[in-house]
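Line by line, the protein sequences give chains A and B.
Throughout the first sequence, residue numbering follows the working numbering, covering 5 to 304 in sequence.
Throughout the second sequence, residue numbering follows the working numbering, covering 1323 to 1699 in sequence.
All C-beta atoms in this analysis are idealised placements derived from N, C-alpha and C, irrespective of residue type, glycine included.
What follows is a set of notes on a single structure, which appears directly below.
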Amino acid sequence: MTTSVVNNAPNRIHVHDRRFGWLLTMPGLALLLLVIAFPVLWALFTSLFEYTLINPGFHTYVGAGNYAKALGDPEFLHSIRVTAMFVVAVVVLEFALGFLIALMLNDTERGKDLYYAILLCPLLMNPVVVGLIWRMFLHPSLGIVNYLLGRIGIPPVNWLGDVDVAFWTIVMVDIWHQVSFMIVLLLAGLAALPREPYEAARVDGASSLQCFWHITLPLMRPVIVVTLLIRMIFAVKTYDLVYIMTRGGPGVATDFISYFIYRSAFVGLDLGEASAMSGILLVIVLAMTAYLHRSMRAIS
Amino acid sequence: MAAIELRAVTKTYANVVSAVRNVDLTIGDGEFMVFLGPSGCGKSTTLRMIAGLEDITSGDLLIDGVRMNDVDPSKRDLAIVFQNYALYPHMSVRENLAFGLKLRHLERAEIARRIDGISAMLGIGPMLDRRPAQLSGGQRQRVALGRALVREPKAFLLDEPLSNLDAKLRATMRTELIKLHRRLGATMIHVTHDQVEAMTMGERICIMRDGEVVQVGRPLDVYRNPADTFVAGFLATPPMNLLPGRLEAEGGQLHAVTDGFRCALPRAYAEAYASHAGREVIIGLRPEDFHETPDRAGALGGLPVTLTVTTVEALGPETVLMASLMGEAGPEIATRVDFGREYEVGSRVTLHYDTAQIHVFDVETTKALARPLVSAG
Ligand SMILES: Nc1ncnc2c1ncn2[C@@H]1O[C@H](COP(=O)(O)OP(=O)(O)OP(=O)(O)O)[C@@H](O)[C@H]1O
Ligand SMILES: [Mg+2]
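So, in structure tokens, the structure goes:
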């Protein structure tokens, strides 16, 4: 008899716990709904109307019209292309560089924490600050970069004003800013790898390169996938750097989606179309996030 | 195809723990050597130094006469079965087995042939497409063993390769390994805790303690002439009974004396032990040297010893009797007698001790007193 009472008790508490848990998360959830869901829903709603800042209001319902207009807009399509190129460039370069540095750090015995601390510095900086600092460094006539290049006989480069250079300048600054993110994640993955398979592989006759190829890469695969996806999602949304450094220019050389949407809304004043483009960006990011989520579940 | 030589090899971990001390050991080309010793005595460390996975703190390691201290493990052409298996978690069993062969660019048909042969021998054929995580402990261990065996290297380093198998499988694997050793003629070093493996598999056994080699020799020689009380107390189950006692000279004869036991030593022994006459010694009596009838207790007919039975362990083919000398209060010893007679706890029995088999050890050094070699059969 006594035992049955004791056995029931945890179940009852369990049910209570769950309801109580919901109760506790309610205020937080409500706040999240208010600050995240509401603007998103409002934007999606707006995207269905002809809504300009000159003539605001939900007067003319256009359905998918704004979406059709956006997808037919060569400037918008251009911004998608530029963004895609940017995402591929920074993710590939940051991954390659980040993995290399992570591998080296993983093999380092002494001073590891110091290197780690130094590498983390850029990551702790606000993108706006990063943009401002680099805009100063890269100033064509007053910047330290051109000054140093001049000392070794290289003529000054118009880092942010040259159509052919500006895109890669943004890529470079982004790498400087974000490569540590890759390093941190990949290093954590490397540190968690089991040591034993490496010993077995060495006795089996594998060189360090073969160990990397046959052991490290396959065992790191899940970590790599997740790292790449997270980085891609953030790269797609890059805004601050171009806003501070190039304003999408010169011309439309660095006109990334986020910046183009901002321009459409607050320069072109067409909030309806800008909202539609936000919707499209949202779908892209959501699709990537869903894939990320699936990959992470596959790990565990 | 590889003679392995250790010269004054020492391993110190983090400048504190001295895991292996000053080991001198030569393992002949094609020899089957067994490492035996209690947990933590440095067996795995020694093996890992030979494989090149641990730096040698001081001393030299030679393979076929060439100093190998600084040669990368991948260039030593050895195979090792790790105590913790160390399988490749992301590869199937088949890929685990094939990995080392692929690295050596063996032909695909040859790889398949070897994998078929080994997996049949080890009984892992049905699991070839599974991952290590989908195997039981004993299955993983067999895969680990298989991965080493398919390689057919110069020398095998086996760190307790059968420890996780059931008794029947272990017996089968024991014979398979011996057969394989004969067929390949490769040098093998086999680490084990198992007395039967140590006695039956090794051409020689090397007994270690606290990072040092205590005794090396053919199994039966080590069994018959243990170098000190440690080896005597370690080899065989139940191990030798070690009793504090004295050597007393009396009437021109030497007696080994302990509470409830007084044994006149054969003449040859008396001469060898004369230096310790009248001194404290440790007397070693093997359980299996006690017999139920005098005719089996050697040429001298044996010494009748009266014992009080305290525990009976009927093992099947034999019975282990724990019994005390000199009534209940006396020192307790283990004896091993044939199966077939019922013993009762508390009853008194008379067994006959084969006095030619007695061992005597020095109290201070714990070393065995040199004695006339008991013929090795
Ligand atoms: N990486 C290490 N760092 C410090 N000490 C170690 C390390 N590896 C082993 N040791 C120590 O070295 C000694 C010998 O260890 P080893 O693994 O060789 O023992 P073993 O004879 O194989 O024991 P077992 O039969 O339990 O496997 C032990 O005292 C152990 O604690
Ligand atoms: Mg060990």
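- At least 7 Å separates the CB of B:L1419 from every CB of chain A.
- DSSP, reduced to helix, strand and coil, places B:L1358 within a strand of the structure shown.
- Close CB contacts of A:N150 within its chain, under the 7 Å cut and outside five residues either way in sequence, are with P144, P160, V161 (chain order).
- Residues whose Cβ lies closer than 5 Å to any heavy atom of ligand 1, listed in chain order: B:Y1335, B:V1339, B:A1341, B:S1361, B:G1362, B:C1363, B:G1364, B:K1365, B:S1366, B:T1367.
- Across the set B:S1597, B:T1632, B:V1642, B:T1657, the C-alpha of B:T1632 shows the shortest separation from the C-alpha of B:V1667.
- Taking every protein chain shown into account, the CB of A:I187 has 16 or more other CB atoms within 10 angstroms, so this residue is buried.
- With contacts defined as CB atoms closer than 7 Å, B:L1629 and B:V1671 qualify as a contacting pair.
- Across the set B:K1501, B:L1479, B:A1466, B:E1534, the C-alpha of B:L1479 shows the shortest separation from the C-alpha of B:T1514.
- Counting the other CB atoms within 10 Å of its CB gives B:M1449 a total of 16 or more, which places it among the buried residues.
- Relative to ligand 2, B:Q1405 has its C-beta within less than 6 Å of a heavy atom.
- At a Cβ-Cβ threshold of 7 Å, B:Y1595 and B:L1625 do not count as neighbours.
- Going by beta carbons, A:E113 and B:L1375 fall outside the 7 Å limit.
- In this structure B:G1439 is not in contact with B:R1473, their Cβ atoms being roughly 13 Å apart against a cut-off of 8 Å.
- Counted as a single uninterrupted DSSP element, the beta strand (DSSP E) harbouring B:H1577 occupies residues 1575-1580.
- Inclusion of A:G283 and A:S51 in the CB contact set at 7 Å is warranted, their separation being smaller than that value.
- Following the DSSP letters along the chain, one finds B:R1504 inside the alpha helix (DSSP H) bounded by residues 1489-1506.
- A residue is called buried once 16 or more other Cβ atoms fall within 10 Å of its Cβ, and A:W138 is buried on that count.
- A:P201 sits in a helix when the DSSP states are folded into three classes.
- Per the Cβ contact rule, the stretch 1479-1498 of chain B is in contact with the stretch 1515-1530 of chain B (3 or more Cβ pairs under 8 Å).
- B:S1396 has a beta carbon lying within less than 7 Å of a beta carbon in chain A.
- Cβ proximity to chain A below 9 Å picks out F1404, N1406, Y1407, A1408, L1409, Y1410, P1411, H1412, M1413 from the stretch 1403-1414 of chain B.
- In this model, A:L223 and A:Y295 are separated by some 20 Å (Cα to Cα).
- Assignment of B:L1564 by DSSP, reduced to helix, strand and coil, places it in the strand class.
- With respect to the 7 Å criterion, B:F1683 and B:G1524 are not classified as neighbours on the basis of their beta carbons.
- The C-alpha of A:L118 is placed about 54 Å away from the C-alpha of A:A68.
- By the neighbour-count definition (other C-beta atoms within 10 Å, threshold 16), A:D111 is an exposed residue.
- Burial state of A:I261 is buried, judged by a 10 Å Cβ sphere holding 16 or more other Cβ atoms.
- Comparing alpha-carbon positions, the option among B:Y1407, B:R1464, B:G1468 lying closest to B:I1433 turns out to be B:G1468.
- Under the DSSP assignment, B:V1682 falls in the beta strand (DSSP E) whose first and last residues are 1681-1684.
- Rounded to the nearest whole angstrom, the CA to CA distance from B:V1659 to B:L1673 is 9 Å.
- According to the DSSP assignment, B:S1340 belongs to no alpha helix (DSSP H) but to the beta strand (DSSP E) extending over 1339-1349.
- Cβ atoms of B:K1476 and B:A1520 stay farther apart than 8 Å, at about 23 Å.
- In the structure shown, A:L153 adopts helical secondary structure according to DSSP, grouped into three states.
- Within chain B, no residue has its CB atom less than 9 Å from the CB of A:S51, the nearest being about 46 Å off.
- The beta carbon of B:R1389 sits closer than 8 Å to the beta carbons of D1382, L1383 from its chain, once the five residues preceding and following it are set aside; these are given in chain order.
- A Cβ-Cβ contact shorter than 7 Å links B:L1358 with B:I1527.
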